[in-house]
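> The structure's right below; bear with me while I get my questions together.
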Ligand code: C2E
Ligand code: MG
Ligand code: MG
Ligand code: MG
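Below, the structure written as structure tokens:
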């Protein structure tokens, strides 16, 4: 009887594994055509200055809408793109579209920057810095208006190599953000030797105050101070409640991002918020969740 139960469990496991493999291969095949079939879009999530809540920038987040698969989340398809090598083509598309959008906002007189997420693979591709310089030139975007976000995963690889690549990127004049800081294992010593400009505190740290009372405020506090001591700008991600915003503000953090200020929305929607801001409204209207 026990043997039969074990066998069923193995079969269930095998079945689940087969399903995952099949899903992976379907995603890979379909992703290959996503650009040509016009299934990719960027949404832009506002970055606000604290405590004013004025929009100062936006993070470009990739969306994939497939006619049969529906909306596939980046957390699912980005790893597929990374493993299959498609990420370089997707990343090039994201970079182009982001620069195009940024140029449009700048021409319209909006004082914003745009940040783009980078996979470690893209960073290590031959002459990625050249690609960035070309995109900036093509769209006539001042380099300091573009921020490139790298994650702690990139930090886990060869440090000297990473420092060299980030140095090349920075030489083009763009700013570098270290994304998801505090979620992984990069050490404080590594942070000190990395040529970065902005430290993005991971939402897990920001969310803590409500789950583990009394513990998290000191963590956010310490990371904000550390960042400032190293001469970095510090941005808190995933701010979802006024209480979280209060903790972040009390820690002295001057940049924030999260559902409290708005999810990622199509560029036209963000533009409406930017225009409202310029016409004197004090705070951006929160964007609807559905668009994220
Ligand atoms: P990330 O760069 O850390 O982006 C932040 C993620 O948190 C986004 O999810 C965003 O929608 C979500 N988020 C924003 N505010 C809140 C909040 O208040 N609460 C919570 N719980 N979540 C919030 P998204 O868009 O699903 O992206 C997930 C990850 O996929 C990104 O994490 C990034 O690592 C990756 N990604 C997205 N677009 C690109 C891209 O164009 N290229 C690359 N290489 N990676 C990308
Ligand atoms: Mg990011
Ligand atoms: Mg992040
Ligand atoms: Mg993330």
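In full-length UniProt numbering, the protein residues as written are 451 to 742.
We treat Cβ as the ideally placed atom computed from N, Cα and C, and that holds for glycine.
Please look up how many angstroms separate the CB atoms of residue 560 and residue 724, rounded, as I've assumed it's under 8 Å.
Numbered from its first residue, the chain shown carries residue 560 at position 110. Numbered from its first residue, the chain shown carries residue 724 at position 274. The pair is a contact, with the Cβ atoms about 5 Å apart (cut-off 8 Å).
> Relative to the C-alpha of residue 712, which residue among 639, 536 and 494 is closest?
The residue labelled residue 712 in the question sits at position 262 within the chain shown. When only C-alpha atoms are compared, the closest one is 494.
> CB residue 537 to CB residue 597, shorter than 8 Å?
In the chain shown, residue 537 corresponds to position 87, counting from 1. In the chain shown, residue 597 corresponds to position 147, counting from 1. Not in contact: residue 537 and residue 597 (Cβ atoms no closer than 8 Å).
> Ligand 3 heavy atoms versus the CB of residue 650: any closer than 7 Å?
Within the chain shown, the letter at position 200 stands for residue 650. Yes, since a heavy atom of ligand 3 falls inside the 7 Å radius drawn around the Cβ of residue 650.
> Return yes when the Cβ of residue 693 is within less than 8 Å of the Cβ of residue 670, no when it is not.
Counted from its first residue, the chain shown places residue 670 at position 220. Counted from its first residue, the chain shown places residue 693 at position 243. No. Outside cutoff.
> Find the nearest neighbour of residue 478 within the set 527, 487 and 620, judged by alpha-carbon distance.
Counting from 1 along the chain shown, the entry for residue 478 is found at position 28. Among 527, 487 and 620, the Cα nearest to that of residue 478 is on 527.
> What residue range is occupied by the uninterrupted beta strand (DSSP E) comprising residue 683?
For the purposes of this step, residue 683 is taken as the residue at position 233 of the chain shown. Element bounds for residue 683: 683-686.
> Between 567, 622 and 554, which has its C-alpha nearest residue 583's C-alpha?
Here residue 583 corresponds to residue number 133 of the chain shown, with the count starting at 1. Among 567, 622 and 554, the Cα nearest to that of residue 583 is on 622.
> Suppose you measure from the CA of residue 545 to the CA of residue 551; what does that come to, to the nearest Å?
Along the chain shown, one-based indexing puts residue 545 at 95. Along the chain shown, one-based indexing puts residue 551 at 101. Each residue's alpha carbon lies about 10 Å from the other.
> Among 513, 627, 589 and 556, which residue has its Cα nearest to the Cα of residue 568?
Here residue 568 is taken as the residue at index 118 of the chain shown, counted from 1. With distances taken between Cα atoms, residue 568 lies closest to 627.
> Measuring alpha carbon to alpha carbon, tell me which residue in 667, 691 and 562 is nearest residue 592.
By one-based count along the chain shown, residue 592 stands at place 142. Selected option, being the one with the closest Cα: 562.
> Can you tell me whether residue 463 is helix, strand or coil according to DSSP?
Taking the chain shown and counting its residues from 1, one reaches residue 463 at position 13. Here residue 463 sits in helix by DSSP.
> Decide yes or no for the touch test of the stretch 502-513 against the stretch 464-471: beta carbon pairs closer than 8 Å, at least 3 of them.
With a cut-off of 8 Å, the stretch 464-471 and the stretch 502-513 do not count as touching, because too few Cβ pairs lie within range.
> Is the Cβ-Cβ distance between residue 644 and residue 689 less than 8 Å?
Start at 1 with the first residue of the chain shown, and residue 644 comes out as number 194. Start at 1 with the first residue of the chain shown, and residue 689 comes out as number 239. Against a cut-off of 8 Å, the Cβ pair of residue 689 and residue 644 comes out as no contact.
> Near residue 570, which residues of its chain fall below 7 Å by C-beta distance, leaving aside the five closest residues on each side in sequence?
Residue 570 sits at position 120 when you count from the first residue of the chain shown. The residues are 603, 604 and 607.
> If we ignore side chains and look at the alpha-carbon of each, how far apart do residue 487 and residue 543 end up?
Taking the chain shown and counting its residues from 1, one reaches residue 487 at position 37. Taking the chain shown and counting its residues from 1, one reaches residue 543 at position 93. If I take the Cα positions, the gap works out to 13 Å.
> Give me every residue whose Cβ sits closer than 6 Å to any heavy atom of ligand 2, in chain order.
Those residues, listed in chain order, are 509, 567, 599 and 629.
> Along the chain, which unbroken stretches of the beta strand (DSSP E) at least 3 residues long are found entirely within the stretch 564-601?
List check, beta strand (DSSP E) in window: 596-601.
> Report the rounded CA-to-CA distance for residue 484 versus residue 532, giving the unit in angstroms.
Counting from one through the chain shown, the residue named residue 484 turns up at place 34. Counting from one through the chain shown, the residue named residue 532 turns up at place 82. Cα to Cα, the separation comes out at about 15 Å.
> Expressed to the nearest angstrom, what Euclidean distance is found between the alpha-carbon atoms of residue 609 and residue 529?
Within the chain shown, the letter at position 159 stands for residue 609. Within the chain shown, the letter at position 79 stands for residue 529. The alpha-carbon atoms of residue 609 and residue 529 are separated by roughly 22 Å.
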